[in-house]
Amino acid sequence: MPFSAKQKDIHRKLLVELSEDIDDEQYLDNLKKMLSGDIGQGRLAKAKDSLNLMNTMENVGFLAVGKYDRLKEMFQHAGLNGLVTTIIDAESRIRAERPSVEVRPMEAGTYETPGPELRRKRSRLGTDASTGTELDVRHIQRVFDGLLQYTVLTGPGYTNLSRELLDSKLQHIKDVLQEPPGYSRFFLIILSHGDKDGIRTCKTDGKTWDNKIITVNEITEIFRDTPLMIDMPKVFIIQACRGEDHQKATLRPDTCPVDDTEYLNLQMENLRIQISTPIDADNLVAYATTPGHIAWRQTDRGSWFIYNLCQVIETDHRNEHFVDILTETSRLVADLTAPLESNGIKTVAKQMPIFVSTLRKKMYLIDT
1 MPFSAKQKDI HRKLLVELSE DIDDEQYLDN LKKMLSGDIG QGRLAKAKDS LNLMNTMENV
61 GFLAVGKYDR LKEMFQHAGL NGLVTTIIDA ESRIRAERPS VEVRPMEAGT YETPGPELRR
121 KRSRLGTDAS TGTELDVRHI QRVFDGLLQY TVLTGPGYTN LSRELLDSKL QHIKDVLQEP
181 PGYSRFFLII LSHGDKDGIR TCKTDGKTWD NKIITVNEIT EIFRDTPLMI DMPKVFIIQA
241 CRGEDHQKAT LRPDTCPVDD TEYLNLQMEN LRIQISTPID ADNLVAYATT PGHIAWRQTD
301 RGSWFIYNLC QVIETDHRNE HFVDILTETS RLVADLTAPL ESNGIKTVAK QMPIFVSTLR
361 KKMYLIDT
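In the UniProt record's numbering, the protein residues as written are 1 to 368.
Take a look at the structure:
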């Protein structure tokens, strides 16, 4: 039966919570041994942590929303009875949620309206570009390299680039994409500062920002009109603020009240970027936030957008196409709230991701 977005959300948070409690390699090895008769050693070896292992179980049908019998049995044998209780609690909450209309990109007016749930921790945003960004990079590598087995280009050679080096790297990436046997899809993920005109680049020392910019349109232009890239879906993900304004909240009847005693000690990043609409087919540009607004990043889990995007990919990559994954990510990010206080006045800030697509087909992240 179809599950509601809220039920999927409970399932996703359950897997994350369970993985945070299984950080001992001995427990992980024991769980792998219990699965060795049903899952190949090669697939088990690729599961570097408990979350990857549970994703593998999902991929082979041993785990799904509301389907936890195999997992509970394994935890009982491993002596992890506390985690069994956690699963039982999640099962109760999933059963209590009535299935509702699925969110579909082409179906207007069917958005879910569950109350926002923010697991608050005392964290802060740094003004240093590396604060929280390293976590974003880890999330991206875990999902695109570890889970999806994509070819990932990252590291020092792709960090803190000058405008000249960035142009060179983009041309290099374009050349790589045209090498045989070719690629079926392409993602370019940018984590950067910027201003209202585009993405800011670094000086040649790689430590300070210069006054040069590159626009998203200039980036996508590089990958246009290339014969070997015709029909290839090209996705550009931009994690950056697009101005200095806080996204205001419109309260709904089920909106949780702001906790007066616990505030996230957040500092906004001075990131700005200009929206550009792809004019060629098979492009998709996803922005962390709408024009003029801040994109939030926490030092303990990274940016709201990248963190939730990677979480949704991990749980939904086998069954949902990428536009649906982005829609679910937008819902999760929109439900987060950053309590603020200025001059004694308490308010809240929100964030609303946005994407512009000229994809002509449904794009799945794995070959089916």
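Here a beta-carbon is modelled for each residue, glycine too, at the ideal position from N, C-alpha and C.
Everything numeric in this text was worked out from a predicted model, so none of it was measured.
For residue i, the three-state DSSP class (helix, strand or coil)
i       : result
Trp-304 : helix
Phe-75  : helix
Thr-220 : helix
Lys-48  : coil
Glu-20  : helix
Residue i versus residue j: straight-line alpha-carbon distance, rounded
i       : j       : result
Ser-50  : Gly-146 : 13 Å
Glu-328 : Val-312 : 7 Å
Ser-184 : Val-235 : 12 Å
Arg-297 : Glu-25  : 30 Å
Lys-203 : Asn-211 : 9 Å
Asp-205 : Met-34  : 51 Å
Leu-359 : Leu-284 : 7 Å
Leu-165 : Ile-214 : 12 Å
Lys-8   : Asp-167 : 41 Å
Ile-199 : Val-84  : 47 Å
Gly-42  : Asn-343 : 58 Å
Thr-175 : His-293 : The amino acid occupying residue 175 in the given sequence is Asp; Thr does not appear at that position. Each residue's alpha carbon lies about 35 Å from the other.
Asn-217 : Ile-39  : 45 Å
Asp-280 : Asp-23  : 46 Å
Gln-171 : Pro-156 : 17 Å
Glu-117 : Arg-163 : With a pLDDT of 27 at Glu-117, under the threshold of 50, the modelled position of that residue is not reliable, and the figure given next carries that caveat. Rounded to the nearest angstrom, the two C-alpha atoms are 40 Å apart.
Thr-208 : Gln-141 : 25 Å
Pro-181 : Glu-97  : 47 Å
Gln-239 : Arg-95  : 35 Å
His-139 : Ile-345 : 35 Å
Leu-188 : Asn-308 : 17 Å
Leu-71  : Leu-28  : 13 Å
Lys-335 : Ser-4   : Note on residue identity: the sequence assigns Asp, not Lys, to residue 335. Those two C-alpha atoms are separated by around 16 Å.
Leu-153 : Ala-286 : 19 Å
Ile-219 : Leu-148 : 25 Å
Tyr-150 : Val-356 : 23 Å
Thr-337 : Gln-351 : 8 Å
Nonlocal neighbours in the same chain, by C-beta distance under 6 Å from residue i, ignoring five residues either side
i           : result
Leu-14      : Ala-90
Met-57      : Leu-63
Gln-340     : The question names Gln, but residue 340 is Leu in the sequence shown. The residues are Thr-347, Ala-349.
Ser-330     : Pro-353
residue 381 : Residue 381 falls outside the range modelled here, since the chain spans only 1 to 368, and no answer is possible.
Asp-136     : Leu-191, Gly-302, Ser-303, Ile-306
Lys-362     : His-321
Cys-310     : His-139, Val-143
Leu-332     : Asn-308
Thr-133     : Leu-191
Thr-290     : Met-352, Ile-354
Cβ neighbour criterion (16 or more within 10 Å) applied to residue i
i       : result
Ser-36  : exposed
Lys-32  : buried
Gly-66  : exposed
Ala-45  : exposed
Gly-302 : buried
Arg-318 : exposed
Ile-306 : buried
Asp-225 : exposed
His-11  : buried
Pro-233 : buried
Ser-92  : exposed
Glu-314 : buried
Lys-6   : buried
Asp-300 : exposed
Val-60  : exposed
Asp-282 : buried
Gln-178 : exposed
Leu-228 : exposed
Same chain only: Cβ atoms within 8 Å of residue i, ignoring 5 sequence neighbours per side
i       : result
Asn-81  : Phe-75
Asp-316 : Lys-8, Asp-324, Ile-325, Glu-328
Glu-17  : Thr-86
Cβ shell of residue i (< 7 Å), same chain only, five flanking positions each side left out
i       : result
Asn-30  : Ala-78
Lys-48  : Gly-146
Asp-21  : Leu-83
Lys-121 : Only weak support is given to the placement of Lys-121: the predicted model assigns it a pLDDT of 26, under 50, and the question is left unresolved by the model.
Lys-169 : Tyr-158, Leu-161
Asn-55  : Leu-147, Glu-314
Test: residue i CB closer than 7 Å to a CB of chain B
i       : result
Thr-208 : No chain B appears in this structure, which consists of one protein chain only.
(request) Tell me the start and end of each unbroken beta strand (DSSP E) in the UniProt domain "Caspase family p10" (273-367) that is at least 3 residues and wholly inside, in chain order. (result) 283-287, 338-342, 345-349, 354-357
(request) Could I get the ranges of all uninterrupted beta strand (DSSP E) runs contained in the UniProt domain "Caspase family p20" (158-245), with 3 residues as the minimum, in chain order? (result) Fully enclosed beta strand (DSSP E) runs of 3 or longer: 186-191, 198-202, 209-214, 234-239.
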